[in-house]
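In my numbering, the protein residues as written are 131 to 260.
Note that CB positions come from ideal geometry on N, CA and C, so glycine has one too.
Just so we're clear, the structure is a prediction, and the values are computed from it rather than from any experiment.
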């Protein structure tokens with residue numbers, strides 16, 4: 131059971147990206163964030179690796195180092211969720227659901243817009259359905 135874990139919104143986005151994916155590098159995580167939610171959510175190079183280091187120190191993700199294709203530095207760090215990280219994603223998803231339900235009750239016109247946009251998004255990009 132996870133107790134008193136503190137994860138920022140941006141850290142949680144990294145966890146969500148890793149949830150249904152193969153291990154990804156820091157750059158691949160950022161590309162996914164940029165593609166799906168826009169560049170304004172993309173942290174600087176230094177910040178992204180601090181986020182990854184924090185998530186690893188909290189045992190929410192696991193890092194593997196493998197041989198890469200870069201001729202200068204042949205090592206590539208890839209990250210995947212740990213079991214604890216998967217549990218955290220479940221907790222975060224429940225929290226997000228509560229927020230969406232709250233906003234839906236208070237401002238239903240905005241939630242309707244979000245759901246319409248999401249349905250269109252899925253229709254146009256079948257990769258996001260998983």
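* Asked: Quick one: Cα of residue 227 to Cα of residue 236, how far?
  -> 14 Å
* How many whole angstroms separate the CB atoms of residue 207 and residue 156, which I take to be in contact at a CB cut-off of 8 Å? -> 7 Å
* Would you call the region 187-197 and the region 214-232 touching, i.e. three or more CB-CB distances under 8 Å? -> yes
* Thinking C-beta only, is residue 182 closer than 8 Å to residue 171? -> no
* To do: With DSSP as the reference, label residue 161 as helix, strand or coil.
  => helix
* Among 238, 184, 209, the one whose alpha carbon lies nearest that of residue 153 -> 209
* Alpha carbon of residue 184 to alpha carbon of residue 174, nearest angstrom -> 15 Å
* To do: In angstroms with no decimal places, state the Cα-to-Cα distance between residue 179 and residue 140.
  => 12 Å
* Asked: For residue 144 versus residue 219, is the C-beta distance shorter than 8 Å?
  -> no
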